[in-house]
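Residues are numbered in our numbering as their position in the sequence shown, beginning at 1, plus a constant of 70.
Glycine is no exception: its CB is placed at the ideal position from the N, C-alpha and C atoms.
Predicted model, so just to flag it, every value in this text is computed and none were measured.
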Amino acid sequence: MSETKGAPLSGTIMVVGGGISGLTTALEAAEVGYDVIIVEKNPYLGGRVAQLNQYFPKLCPPSCGLEINFRRIKDNPRIKFFTLAEVEKVDGKPGDYKVSIRLNPRYVNENCTGCNACTDACQAEISNEFNFGMDKHKGAYLPHEMAFPARYVISPQIIGTEDANRCKEACAYDAVDLEMSAKTIELNAGAIVWATGWEPYDAAKIENLGFGRYPNIITNMMLERLASKNGPTGGKILRPSDGTEPKSIAFVQCAGSRDENHLPYCSYICCMASLKHTTYIREQYPDAAVSIFYIDMRAPGYRYEKFYNTIKDDEKVTFIKGKVAAVEEASGDGITVTAEDTISGEKIRQTVDLVVLATGMQPSAAASKLPADLQFTEDGFVVNDFEKGGMFAAGCANRPADVMMSNQNATGMALKAIQTLVKR
Ligand SMILES: Cc1cc2nc3c(=O)[nH]c(=O)nc-3n(C[C@H](O)[C@H](O)[C@H](O)COP(=O)(O)OP(=O)(O)OC[C@H]3O[C@@H](n4cnc5c(N)ncnc54)[C@H](O)[C@@H]3O)c2cc1C
Ligand code: SF4
Ligand code: SF4
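1) Looking at C-alpha atoms only, which residue of V397, E410, T231 is the closest neighbour of G280?
2) Does the beta-carbon of I339, which I'm using as the reference point, lie nearer than 7 Å to any heavy atom of ligand 3?
3) Quick check on the burial criterion: 16 or more other C-beta atoms within 10 angstroms. Buried or exposed for A77?
4) Does the beta-carbon of Y243, which I'm using as the reference point, lie nearer than 7 Å to any heavy atom of ligand 2?
5) Out of curiosity, what's the CA-to-CA distance linking T289 and I149?
6) Looking only at its own chain, which residues have a Cβ that is under 6 Å from the Cβ of P132, when we skip the five neighbours before and after it?
7) Report back the beta-carbon spacing between Q52 and A428 to the nearest angstrom; my notes put them in contact at under 8 Å.
8) Touching or not, the segment 163-178 and the segment 238-257, by the rule of three or more beta carbon pairs under 8 Å?
9) May I ask you to check if the CB of C504 is nearer than 7 Å to at least one heavy atom of ligand 2?
10) Check each candidate in I107, N139, V157, G117 and name the one with the smallest Cα separation from K439.
11) What residues in its chain sit with their C-beta under 8 Å from that of R283, if we drop five residues either side in the sequence?
12) From the DSSP output, read off the bridge partner residues of C130.
13) Quick check: does the Cβ of S361 come within less than 7 Å of any heavy atom belonging to ligand 5?
14) Tell me whether I390 sits in a helix, a strand or coil according to DSSP, three-state version.
15) Indicate the three-state DSSP secondary structure (helix, strand or coil) for R469 in the structure shown.
16) Find the nearest neighbour of E294 within the set F152, V426, P334, E137, judged by alpha-carbon distance.
17) Can you tell me whether V102 is helix, strand or coil according to DSSP?
18) Sorted by chain position, which residues of the same chain lie with C-beta nearer than 6 Å to T254's C-beta, five sequence neighbours on each side aside?
19) Can you say whether T490 is buried or exposed, counting buried as having 16 or more other CB atoms within 10 angstroms of its CB?
20) Distance, Cα to Cα, K458 vs K393?
21) Over what stretch of residues does the beta strand (DSSP E) that includes C324 continue unbroken?
22) DSSP three-state label for S337, please.
23) Taking 7 Å as the cut-off, does the CB of I287 come closer than this to any heavy atom belonging to ligand 3?
24) To the nearest whole angstrom, what separates the beta carbons of W268 and Q432, a pair I think is in contact under 8 Å?
25) So, are the CB atoms of G326 and G430 less than 8 Å apart?
26) Mind the definition here: the segment 478-485 touches the segment 84-97 only if three or more C-beta pairs lie below 8 Å; say whether that holds.
27) For A487, tell me which candidate among K275, P316, D105 has the shortest Cα-Cα distance.
28) Pull up the DSSP beta-bridge partners for N258, would you.
29) Residues in its own chain within less than 6 Å of A484 by CB, not counting five upstream and five downstream?
30) Would you tell me roughly how many angstroms separate the C-alpha atoms of E353 and G305, rounded to the nearest one?
31) Compute the distance between the beta-carbons of G465 and I90, then report whether it is under 8 Å.
32) Do you know how far the Cα of E375 is from the Cα of G117?
33) Any heavy atom of ligand 2 inside 7 Å of the beta-carbon of Y355?
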């Protein structure tokens with residue numbers, strides 16, 4: 071069969087990962103007329119951004135932007151998406167891929183109205199991973215308040231128990247289907263964009279920083295959840311050990327990043343994230359003292375530098391240039407941070423109520439390699455091979471990035487995917 075020059079080989083673009091980058095690629099491609107399939111492993115779209123309280127530097131809630139994207143997806147018949155879905159295998163070549171996708175069971179079908187009766191009926195409680203285990207939710211649950219799709223999930227942990235039957239009986243809409251099982255489907259796509267994003271680096275691996283040994287040492291993503299109104303404390307930043315208000319807080323920058331033993335690269339966003347976090351703290355606790363231990367503060371570009379300067383002007387915030395050597399519990403369950411001040415040369419030991427580790431980003435593909443013929447850096451980021459084409463990485467799958475960079479990059483990868491479909 072002869073092809074017409076410029077005609078699409080296959081009209082479909084597959085986007086793996088439904089975080090902000092995947093949503094952007096999908097919308098940009100669909101809104102100029104291409105069919106798009108999003109494959110997302112979580113039961114909801116939105117990725118890590120759904121866990122953030124506010125965006126730097128404007129300090130607006132990410133839920134606004136996500137809501138707009140979800141509305142655009144709902145209104146666009148060209149976009150289909152699968153949640154609880156993972157790519158198992160990719161065969162083929164640019165313009166003509168065959169993709170096997172595993173669909174994991176939600177045990178709740180499209181009849182779900184979100185009435186919450188299954189949650190009320192369920193007795194078992196399980197760790198809430200959305201809140202990094204800082205609280206629990208029922209075995210039947212909505213992943214979070216703004217979840218899209220707004221469909222409940224029955225955890226596999228309660229399948230086969232009396233609780234699962236209780237959920238089924240409580241549902242007046244015949245939405246609980248305990249017979250659902252995993253299945254594999256095969257789909258065709260002309261181009262694939264991998265937008266599989268990042269995971270917070272496992273702070274427990276950085277032994278000298280004490281995470282996991284002392285409850286009042288938390289990570290920056292945990293702080294995002296503590297500060298969120300739909301988080302485990304209703305938005306109040308409290309000490310995990312006793313639920314009291316912290317009066318002094320220290321941030322440890324580069325926790326794991328720029329360290330050959332952990333993440334050798336700069337994670338790009340964690341200086342800005344800690345500066346943003348000081349605004350969360352100062353708003354809730356106007357008298358609290360904040361210390362930021364840093365190697366270099368990185369606030370690239372005019373808007374970020376302006377934000378940094380505003381925080382520097384705050385007399386309650388102290389910046390200490392020095393790599394932290396240890397974080398340990400002091401008597402009375404305070405936490406002591408030990409560092410050498412590289413400007414004065416003095417050894418500093420400071421005891422505070424709460425320590426926040428500014429942990430960095432590790433590409434999701436570092437833990438579980440993507441099942442496709444892709445190139446990776448040593449650290450697990452996907453390298454874009456534009457000469458080969460066909461498959462591209464967008465957002466934090468490709469490099470550590472903020473939302474603005476992720477969106478710009480994701481828009482570019484939508485164009486690369488479109489070019490794969492139209493060129494021969
Ligand atoms: C503490 C902290 C605060 C931050 N605050 C800000 C801020 O205020 N402003 C800002 O601009 N940026 C901020 N960022 C950065 C921001 O979180 C990222 O830029 C953004 O999440 C990148 O989006 P993404 O879509 O590339 O990745 P992700 O958000 O990680 O989304 C990836 C998606 O892919 C899915 N996925 C992963 N693997 C697979 C697979 N194999 N199959 C199917 N699906 C898969 C995931 O479940 C997820 O939904 C912050 C980061 C941190 C650590
Ligand atoms: S599954 Fe049934 S009981 Fe649970 S929220 Fe949905 S409609 Fe309500
Ligand atoms: S952004 Fe800041 S805290 Fe994060 S790795 Fe780079 S220098 Fe360190």
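A quick look at the data gives this:
1) What you label residue 280 is simply residue 210 of the sequence shown in a count that begins at 1. The candidate whose alpha carbon is nearest that of G280 is V397.
2) Along the sequence shown, read from residue 1 onward, the residue named residue 339 stands at position 269. For ligand 3, at least one heavy atom lies less than 7 Å from the Cβ of I339.
3) Here residue 77 corresponds to residue number 7 of the sequence shown, with the count starting at 1. Annotation note: pLDDT 48 at A77 (below 50); position unreliable, coordinate value reported separately. Label assigned to A77: exposed.
4) As a working mapping, residue 243 is identified with position 173 in the sequence shown. Result yes, Cβ under 7 Å from ligand 2.
5) Counting from one through the sequence shown, the residue named residue 289 turns up at place 219. Counting from one through the sequence shown, the residue named residue 149 turns up at place 79. Roughly 35 Å between the two C-alpha positions.
6) In the sequence shown, the residue the question calls residue 132 occupies position 62. Answer for P132: V119, L122, Y125, listed in chain order.
7) There is simply no residue 52 to check, as the chain begins at 71 and stops at 494 in what is shown.
8) yes
9) Residue 504 lies beyond the range of the chain shown here (71 to 494); nothing can be said about it.
10) Here residue 439 is taken as the residue at index 369 of the sequence shown, counted from 1. Answer by Cα proximity: V157.
11) Looking up residue 283 in the sequence shown gives position 213. Within the same chain, R283 has close Cβ partners E399.
12) On the sequence shown, position 60 is the one that residue 130 refers to. Looking at the DSSP assignment, C130 forms a beta bridge with Y125.
13) For the structure depicted, ligand 5 is absent and the ligand set comprises only ligand 1, ligand 2 and ligand 3.
14) Numbered from its first residue, the sequence shown carries residue 390 at position 320. Strand at I390.
15) Taking the first residue of the sequence shown as 1, we reach residue 469 at position 399. Looking at R469 - three-state DSSP - the assignment turns out to be coil, as it is neither helix nor strand.
16) Taking the first residue of the sequence shown as 1, we reach residue 294 at position 224. Comparing Cα positions, the closest option is V426.
17) Residue mapping note: residue 102 aligns to position 32 of the sequence shown, counting from 1. Looking at V102 - three-state DSSP - the assignment turns out to be coil, as it is neither helix nor strand.
18) To locate residue 254, count along the sequence shown from 1; it is residue 184. The residues are S170, R172.
19) Within the sequence shown, numbered from 1, the residue matching residue 490 stands at position 420. With 16 or more other Cβ atoms within 10 Å, it is buried.
20) Position 388 of the sequence shown holds residue 458. Position 323 of the sequence shown holds residue 393. C-alpha separation (whole angstroms): 42 Å.
21) Your numbering for residue 324 matches position 254 in the sequence shown. Segment 318-325, the beta strand (DSSP E) holding C324.
22) As a position in the sequence shown, residue 337 is number 267, starting the count at 1. DSSP places S337 in coil when its eight states are reduced to three.
23) For this step, residue 287 is matched to residue 217 along the sequence shown. Not under cutoff, so the answer is no.
24) If you number the sequence shown from 1, residue 268 lands on position 198. If you number the sequence shown from 1, residue 432 lands on position 362. Rounded, the Cβ-Cβ distance is 6 Å, consistent with contact.
25) Here residue 326 refers to the residue found at position 256 of the sequence shown. Here residue 430 refers to the residue found at position 360 of the sequence shown. In contact: G326 and G430 (Cβ atoms closer than 8 Å).
26) yes
27) Stepping through the sequence shown from its first residue, residue 487 is reached at position 417. If we check each option's Cα against that of A487, D105 comes out closest.
28) Looking up residue 258 in the sequence shown gives position 188. DSSP lists K168 as partners of N258.
29) Residue mapping note: residue 484 aligns to position 414 of the sequence shown, counting from 1. If we look at A484 and ignore the five residues flanking it on each side, its Cβ neighbours are T95, E98, A99.
30) Translated into the one-based positions of the sequence shown, residue 353 becomes position 283. Translated into the one-based positions of the sequence shown, residue 305 becomes position 235. Roughly 12 Å separates the two Cα atoms.
31) Taking the first residue of the sequence shown as 1, we reach residue 465 at position 395. Taking the first residue of the sequence shown as 1, we reach residue 90 at position 20. Yes, Cβ-Cβ distance for G465 and I90 is below 8 Å.
32) Numbered from 1 along the sequence shown, position 47 holds the residue referred to as residue 117. Numbered from 1 along the sequence shown, position 305 holds the residue referred to as residue 375. Roughly 27 Å between the two C-alpha positions.
33) Reading the sequence shown from its first residue, position 285 is the one you call residue 355. Because no heavy atom of ligand 2 lies under 7 Å away, the Cβ of Y355 does not count as near it: no.
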